[in-house]
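What follows is a single structure, written as structure tokens, with notes after it.
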Amino acid sequence: MAGTSKGEHRIGLLNGIAAYGMWGLVPLFWPLLKPAGAMEILAHRMVWSLVFVAVALVFTRRWAWAGQLLRQPRRLALIAVAAAVITVNWGVYIWAVNSGHVVEASLGYFINPLMTIALGVLLLKERLRPVQWAAVAVGFAAVVVLTVGYGQPPWISLCLAVSFATYGLVKKKVNLGGVESLAAETAIQFLPALAYLIWLSTQGDLTFATDGPGHAVLLASTGIVTALPLVCFGAAAIRVPLSTLGLLQYLAPVFQFLLGILYFHEAMPPERWAGFALVWLALILLTWDAMRSAHRARVVAMSRRTDPAAVTVDV
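Okay, here's the thing in structure tokens:
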């Protein structure tokens, strides 16, 4: 049994690395879709993602959730909010990568855990531990430093962080599986995206129909590029602890950051290095605090098993 558990954990770990690795390397893909603009790429991503996940759901026969969702207007409304927010996130990210802002886009996903905590405090009235407050303060200082360096706030990073943190918050309330959630969200996105592509075609600006079959295949593959990491993430989420996933999530922005510097040769002046260093310090504080909290929770759980009358330790 122990061997099986270790095998499952290894499979989950590999799937987690694959998911975050693909998310981290995706900046290499979007430039391949030029001369299509960011809006056309975004529309294709919505349309082909629905096609891909619909085929996957047909083969796995996982349709029961759809009927239940249609009978729950509140969850449907939340799905619509999630679809709107992730549309913003996808659009800004594609535009940022294809406009030479890969490093700034990576910063958005480094900031994301801090933004998630901020939303938890503001919207859910969550209470933070002192180390978490320190991490948020350091993250705010990083934004100030980057604002001075850029001459304006790092809008791309902030937009990506806020949109993805909001998306995560809404998905938590919806409580739907990754593939199922993507199917529901892209079902909402599908008609507006298809209408936009048809309008582009009438204007003679649809590159899908004019730049050859190879370009069309690449645009259609946006569905696989979107859905495949989610499938791997879902396989990882049920096999490895959340603390492990929490550490793996940093793979994506690290890969993006390295691509921005080493492959796309984006500039890194001293003030940008200073801002990133502060963000990384904040993430180190968060990670250390999360690991310490998880360790204390395990100690409490073990003490309860050995001594049911044990007093709960503050975590």
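For this note's numbering, count along the sequence shown from 1 and bump the result up by 234. Don't be surprised by glycine CBs; every beta carbon is placed ideally from N, CA and C.
Report whether the distance from the Cβ of L493 to the nearest heavy atom of the ligand HEM is below 7 angstroms. Looking at this structure, you won't find the ligand HEM or any other ligand, since it has none at all.
Between the Cα of H335 and those of L362, I390, I351, spot the shortest distance and give me the residue it belongs to. For H335, the nearest C-alpha among the options comes from I390.
Thinking C-beta only, is L380 closer than 8 angstroms to R295? Against a cut-off of 8 angstroms, the Cβ pair of L380 and R295 comes out as no contact.
In chain order, what residues of the same chain have a beta carbon less than 6 angstroms from the beta carbon of L353, not counting five sequence neighbours either side? So the list reads A399, L403, once near-sequence residues are dropped.
In terms of residue numbering, what span does the alpha helix (DSSP H) encompassing R309 cover? Element bounds for R309: 307-332.
If you measure between the beta carbons of A461 and V322, is that distance less than 8 angstroms? No, the pair does not count as a contact, with Cβ atoms beyond the cut-off.
Sequence-distant residues of its chain with Cβ nearer than 8 angstroms to A429 (five each side left out): Within its own chain, no residue has a Cβ closer than 8 angstroms to the Cβ of A429 once the five positions on either side in sequence are excluded.
By the 10 Å Cβ neighbour count, where 16 or more other Cβ atoms means buried, how is S435 classified, buried or exposed? With fewer than 16 Cβ atoms within 10 Å of its Cβ, S435 is classed as exposed.
Pair within 8 angstroms by beta-carbon distance, Q490 and Y343: Between Q490 and Y343, the gap from beta carbon to beta carbon is short of 8 angstroms.
Just to confirm, are E419 and A316 a CB contact at a threshold of 8 angstroms? Taking the C-beta atoms as reference points, A316 is found nearer than 8 angstroms to E419.
Between which residues of its own chain and G325 is the CB-CB distance below 8 angstroms, once the five residues before and five after are set aside? The answer, listed in chain order, is A272, M273, L276.
Excluding five sequence neighbours on each side, which residues of the same chain lie with their C-beta closer than 7 angstroms to the C-beta of R309? Excluding sequence positions up to five before and after R309, its CB lies within less than 7 angstroms of the CB of L303, V408, all in the same chain and listed in chain order.
State buried or exposed for K240, treating a residue as buried only when at least 16 other CB atoms are found within 10 Å of its CB. Exposed is the call here.
Leaving aside the five residues before and after W329 along the sequence, list all residues of the same chain whose C-beta is less than 7 angstroms from its C-beta, in chain order. Within the same chain, Cβ atoms closer than 7 angstroms to the Cβ of W329 are found at A272, the five residues on either side in sequence being excluded.
Kindly indicate which three-state DSSP category G237 falls into: helix, strand or coil? Note that G237 scores 45 on pLDDT, short of 50, meaning its location in the model is unreliable; the coordinates nonetheless yield the value given after this. Helix at G237.
Put P388 into one of helix, strand or coil per three-state DSSP. Looking at P388 - three-state DSSP - the assignment turns out to be coil, as it is neither helix nor strand.
Between which two residues does the alpha helix (DSSP H) harbouring N346 extend? For N346, the enclosing alpha helix (DSSP H) has its first and last residue at 336-358.
Coarse secondary structure for A501, derived from DSSP in three states: DSSP places A501 in coil when its eight states are reduced to three.
Is it a yes or a no for the segment 243-258 touching the segment 453-470, going by three-plus beta-carbon pairs under 8 angstroms? The answer is yes - the segment 453-470 touches the segment 243-258, with three or more Cβ pairs under 8 angstroms.
Nearest-angstrom Cβ-Cβ length linking Y327 and A339, presumed shorter than 8 angstroms: Sure, about 6 angstroms apart at Cβ, within 8 angstroms.
Classify Q483 as helix, strand or coil using the three-state DSSP reduction. Residue state, collapsed to three classes: coil.
If the criterion is Cβ atoms closer than 8 angstroms, does the pair G301 and A486 meet it? It is not a contact, given that the beta carbons lie outside the stated cut-off.
Where are the beta strand (DSSP E) runs, 3 residues long or more, that stay fully inside the segment 372-416, in chain order? Counting only runs of at least 3 residues, the segment 372-416 fully encloses no beta strand (DSSP E) element at all.
Measuring only the C-alpha atoms, how far is P269 from G446? Rounded to whole angstroms, P269 and G446 show a C-alpha spacing of 12 angstroms.
Grab me the residues of G480's own chain with a C-beta within less than 7 angstroms of its C-beta, minus the 5 sequence neighbours each way, in chain order. Counting only Cβ-Cβ distances below 7 angstroms, and skipping sequence neighbours, we find A524.
Label W282 either buried or exposed according to how many other C-beta atoms from any shown protein chain fall within 10 Å of its C-beta, with 16 as the threshold for buried. So W282 counts as buried.
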